[in-house]
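In this note's numbering, the protein residues as written are -19 to 144.
C-beta atoms are modelled at their ideal positions from N, C-alpha and C, and glycine is treated no differently.
First up is the structure itself, then whatever we jot down about it.
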Amino acid sequence: MELKYLQAYPIELQNQVRSLITSQRLGAYLANRYGEKHAIQSDKALYQYVSRLKQANLRSAPQIDKVLFDNRLDLTHRALGLHTAVSRVQGGKLKSKKEIRIASLFKEAAPEFLEMIVVHELAHLKEHDHNKAFYKLCCYMLPDYHQREFDLRIYLTGKDLGQV
-19 MELKYLQAYP IELQNQVRSL ITSQRLGAYL ANRYGEKHAI QSDKALYQYV
31 SRLKQANLRS APQIDKVLFD NRLDLTHRAL GLHTAVSRVQ GGKLKSKKEI
81 RIASLFKEAA PEFLEMIVVH ELAHLKEHDH NKAFYKLCCY MLPDYHQREF
131 DLRIYLTGKD LGQV
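Take a look at the structure:
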């Protein structure tokens, strides 16, 4: 069985996930670790949430102008979140607007997964590439970032298989 979200992980971890899938325990594993759902359901609430995380961790990063849940982002586009910088001419000045878009599937996800994806997108304000500095920044903002990313990949696998 191919685990498309977990291909970069060691085969031993993949086999543990396969075992959970085969025994129909994947949903229970995730519910035990991430049983709660968050209350952030509007773009306004999401903007406030992202702003608080940014203020706590990245005060010197550029201002974020827009944050929203985007139902056009999904796994077929391989994007769970997007950060964009749109430049526009206003009068005689060039203005840059920073936006963060979070896939709508995170409206129903555990708060830990929403926090992980927001931290990921916030890190892009400082580091554009997925390099060592980027992941160091993610871990600064969220010390268990890598565990949550792994568990998010398990969650996405479970969603694909209808076990979550």
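Residue range of the beta strand (DSSP E) that includes residue i
i	result
S31	Where S31 is concerned, there is no enclosing beta strand (DSSP E), although the alpha helix (DSSP H) it sits in stretches over 23 to 37.
L48	46 to 50
S76	73 to 83
Span of the alpha helix (DSSP H), counted from its first residue to its last, around residue i
i	result
Q(-13)	It is not in any alpha helix (DSSP H) - Q(-13) carries neither H nor E in the DSSP assignment.
H18	Counting along the chain, H18 falls outside any alpha helix (DSSP H), and DSSP gives it neither H nor E.
A89	It is not in any alpha helix (DSSP H) - A89 carries neither H nor E in the DSSP assignment.
K116	112 to 121
Q127	125 to 141
Integer Cβ distance of residue i from residue j, believed to fall under 8 Å
i	j	result
Y29	I20	5 Å
E101	I80	5 Å
I44	K78	5 Å
N51	S84	4 Å
I82	L10	At roughly 19 Å, the Cβ-Cβ gap does not stay under 8 Å, so I82 and L10 are not in contact.
Nearest neighbour of residue i, chosen from the options [CA to CA]
i	options	result
A90	L132, G72, A103, K106	L132
N37	N51, S84, K17, K106	K106
F130	L117, K87, I97, L141	I97
H18	L48, Y9, I1, F93	F93
L122	N51, N111, V99	V99
N12	L141, D140, Y135	Y135
K46	Y125, H63, L6, R39	H63
G61	L(-7), F49, D109	F49
G138	H104, M(-19), L(-7), I1	I1
Q127	D140, Y(-11), L53, K112	Y(-11)
L117	D140, K75, A41	A41
L141	Y120, I(-9), F86, Q4	Q4
Y120	K34, I(-9), S22	K34
E16	L(-14), L53, E88	E88
Residue(s) in a DSSP beta bridge with residue i
i	result
V148	The requested residue 148 is not part of the displayed model; the chain covers only -19 to 144.
L62	R81
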